[in-house]
Every structure is written in C-alpha cells, then in structure tokens.
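What follows is one structure encoded as structure tokens, with my remarks underneath.
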Amino acid sequence: MSRLSAHSPNQRTLIRSVFAVLESHYGYFDWWPDTPPYQTMLGTILVQNTNWRNADKALNNLGKSANNPHLIELLPLDELAQKIRPSGYFNQKAIKLKALTEWFKVYQYDIKQVREIELSTLRKELLAIKGVGGETADAILVYAIGKPSFVIDAYVRRIFERNGLEAPKNYETFRLLVEQAIPADTKRYAFYHGLMVEHGQQFCNKCALCPLVSSCFPNILFYP
DNA sequence: CCCCAGGCTTTGC
DNA sequence: GCAAAGCATGGG
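Under our numbering, think of the first position of the first sequence as 2, with each following residue one higher.
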C-alpha cells in the first residue's frame with residue numbers, strides 16, 4: 002500500500018475520505034451523550050491507558066461524588082484512590098483528579114464560566130494541570146466544555162496509519178493536521194472521534210489492516 | 001502465564 | 001528532544 006507522506010497535497014483528502022467512509026457505514030450517533038461536564042472530566046482521567054469498562058467502575062464507585070466537585074475536594078486523597086482502584090494507576094489518578102478539581106475551582110465549579118474562556122487559553126491551562134496531557138486536554142475541551150479541539154488517541158492513530166497516512170509522531174502536529182482537514186465544529190469533532198473509537202473497537206486491534214476502510218481505500222484514495 | 005486497554009510524568013542519554 | 005521506565009486494574 003502506498004503511503005501519503007506528511008505535507009502531501011492528498012493528505013487532508015485522505016483524512017476527509019476516511020471519516021466519510023466511516024460516517025456512511027455507521028451513520029450519525031451521539032457519542033458520550035448526556036454526561037454532566039464534571040463527570041466527563043473525571044472520566045477522561047480515569048480512562049487513561051485503560052478501557053472504559055474499568056473507568057466506569059471507578060466512576061460508579063464515586064457515586065454522587067462523580068458529579069460533585071465539592072465532594073471530591075473534601076474526599077481524602079487515600080479514600081479517593083481506593084474508590085477509583087478499578088481504573089488502574091489509582092494512586093496517580095487520585096492526584097490527577099484532585100489537580101483537575103483544583104483547576105475547576107478557580108471557576109467556582111461553574112462550567113458556564115469556563116465556557117466564556119477562549120479555546121487556546123483553556124487548552125494551555127488544561128495542559129498545565131498535572132496528569133493532563135494532549136489527549137486528555139482535547140477530550141475535556143470537546144466533550145466537557147464544548148470547544149472544537151480534535152482528540153488524537155490510539156484509535157485515531159491506528160486507523161489512519163492503516164489507511165495509508167504517514168501520521169505525524171508529534172501529538173500537536175497530528176492534531177493540527179486533522180483539524181485543518183475538517184471544519185472546526187464541536188459536534189462534528191466529537192462525532193468523528195466517536196466514529197474512530199466505535200470502528201476501532203469493532204475490529205481486532207492486532208489486525209494488520211483495518212478491514213472496513215482498507216477495503217474501501219482503493220475507491221477513496223484518489224477521490225477528489 | 002501472557003498481552004492488552006481511549007496516557008502521562010520522570011529520568012537518562 | 002526523544003526513548004524508556006514506572007504506574008496497576010480487569011478481561012481475554
């Protein structure tokens with residue numbers, strides 16, 4: 002299979018085509034729907050390098066605290082760690098949840114105040130939080146805050162690489178590339194990332210090729 | 001027993 | 001600036 006190198010003129014076309022194929026196959030769905038913003042933020046930390054099943058167990062263990070930053074603030078660190086045990090790395094993640102909550106407190110735990118802030122400013126603030134890297138920051142931005150920042154995760158990388166894209170190794174470079182290929186829109190960014198996860202989870206991660214898209218690849222590569 | 005899952009920070013070169 | 005180690009549980 003031929004690969005499109007970085008800065009190839011067809012690079013963005015390939016990206017758009019992959020999304021188009023997935024969208025036509027799976028149709029629209031509302032991914033991560035109706036989850037309260039604070040709980041969504043906690044979820045982005047808890048799911049780091051684990052599966053959603055384990056992250057969800059941790060959220061359930063938190064009970065009402067999962068959507069109440071005041072309760073998380075009052076919860077002793079070691080108790081918090083024990084509750085989130087199923088998500089793995091629980092000692093580190095407990096510290097991360099505390100740090101994230103401290104950041105939220107600056108805005109009086111009010112998501113509306115957060116949404117007043119400009120995207121680039123918020124992104125810098127989030128990246129400054131201990132335990133929040135690029136992917137987590139973008140997930141918080143798009144799913145909890147509602148800003149158009151595209152999440153680059155293992156699924157996005159894997160699927161694009163298997164479909165001929167020479168994906169930038171650097172996170173920021175990759176994110177900007179995808180964002181240049183798609184109009185900035187929160188709902189669309191959320192949905193397209195959801196498509197990647199949906200598709201990635203339906204196929205064996207060890208497969209050399211991604212069955213659905215690779216079979217469509219000959220038809221979409223040279224599509225204008 | 002092995003490997004993997006929607007990362008991030010720290011350390012060492 | 002990049003590679004490697006460390007963090008830890010649950011499921012196949």
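Ideal placement from N, C-alpha and C gives every residue a C-beta, glycine not left out.
Task: Cα-Cα separation between Y190 and L47, rounded to whole angstroms - done: 21 Å
Task: For G44, the nearest candidate out of A56, T51, P34 (CA to CA) - done: A56
Open item on the list: At the level of alpha carbons, what is the spacing between V42 and H194?
Closed with: The sequence shown places Met at residue 42, rather than the Val named in the question. Straight-line Cα distance between these residues: approximately 16 Å.
Task: At least three beta-carbon pairs within less than 8 Å, the region 32-40 to the region 9-18 - done: no
TODO: Answer yes if the region 139-158 comes into contact with the region 194-204, meaning at least three C-beta pairs across the two stretches below 8 Å, and no otherwise.
DONE: yes
Task: Same chain, Cβ closer than 6 Å to T137, neighbours up to 5 away in sequence not counted - done: T45
Open item on the list: Counting beta carbon pairs with one atom in the region 132-147 and one in the region 108-117, are three or more of them shorter than 8 Å?
Closed with: yes
- [ ] Please check the pair L23 and L178, which I expect to be a contact at CB under 8 Å, by giving their CB distance rounded to whole angstroms.
- [x] Not really, about 17 Å apart at Cβ, beyond 8 Å.
- [ ] Have a look at E167 and R176 and give me their C-alpha separation to the nearest angstrom.
- [x] 13 Å
- [ ] Examine the Cβ distances between the region 87-104 and the region 65-75 and report whether three or more of them are shorter than 8 Å.
- [x] yes
Open item on the list: Can you look up L76 in the DSSP assignment and give me helix, strand or coil?
Closed with: coil
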